[in-house]
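Below you'll find the structure, written out as structure tokens, and then a few comments.
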Amino acid sequence: MRQLVPSVSLEQQLILFYRVNGECTEISLICDKAEEDDVYTLTYDGYNIFCILEVDYDKYIIFYLVNVSNNGTFHVLKLSARERDVTAMLKRKFVRICQKYGIVEENIVDLTKVDHCLQARETAADQASSA
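The opening position of the sequence shown corresponds to residue 1 in the UniProt record's numbering, with each subsequent residue numbered one higher.
Rendered as structure tokens:
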């Protein structure tokens, strides 16, 4: 199973990190800007449309993604942060946003204790900020 960690830059580039045979691998995809603000589309494991629901550029971003493929349609909300963990208040806010989109609390998973190639993501972010 691939573990994906999104990162969106101003160039509408989506960078995903996932593990293959125990090694963190990066894949870079170019997104198309939709007509609506903060909405993007891309083709990867099906057709994807995602939007940025909320962002504090210094702290976190909340994405909403819909993927349509031969395997069906699924919806994902993701909270990504610059730090490895976020405040309890932000986690509660994220739960409320998930519930607004029909995701019940028992289907919300806190992945802050799981290795999602964070080190690779942080290294890539450091390199991008120094460029």
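Every residue, glycine too, gets a C-beta built ideally from N, C-alpha and C.
In this text, all values refer to a predicted model and were calculated from it rather than measured experimentally.
When you compare only the Cα positions, how much space is there between residue i and residue j?
{"i": "residue 83", "j": "residue 68", "result": "31 Å"}
{"i": "residue 42", "j": "residue 86", "result": "28 Å"}
{"i": "residue 96", "j": "residue 109", "result": "14 Å"}
{"i": "residue 30", "j": "residue 64", "result": "17 Å"}
{"i": "residue 39", "j": "residue 54", "result": "12 Å"}
{"i": "residue 93", "j": "residue 62", "result": "10 Å"}
{"i": "residue 20", "j": "residue 28", "result": "15 Å"}
{"i": "residue 52", "j": "residue 66", "result": "12 Å"}
Starting from residue i and walking both ways along the beta strand (DSSP E), at which residues does that stretch end?
{"i": "residue 81", "result": "72–81"}
{"i": "residue 111", "result": "Per DSSP, residue 111 belongs to no beta strand (DSSP E) and is neither H nor E."}
{"i": "residue 103", "result": "From DSSP, residue 103 is part of no beta strand (DSSP E); its letter is neither H nor E."}
{"i": "residue 60", "result": "60–69"}
Per DSSP, which one or two residues make a beta bridge with residue i?
{"i": "residue 13", "result": "30"}
{"i": "residue 56", "result": "60"}
{"i": "residue 47", "result": "43 and 68"}
{"i": "residue 24", "result": "19"}
Helix, strand or coil: how does DSSP classify residue i here?
{"i": "residue 84", "result": "coil"}
{"i": "residue 19", "result": "strand"}
Which term fits residue i, buried or exposed, when burial requires 16 or more other beta carbons within 10 angstroms of its beta carbon?
{"i": "residue 14", "result": "buried"}
{"i": "residue 111", "result": "exposed"}
{"i": "residue 74", "result": "exposed"}
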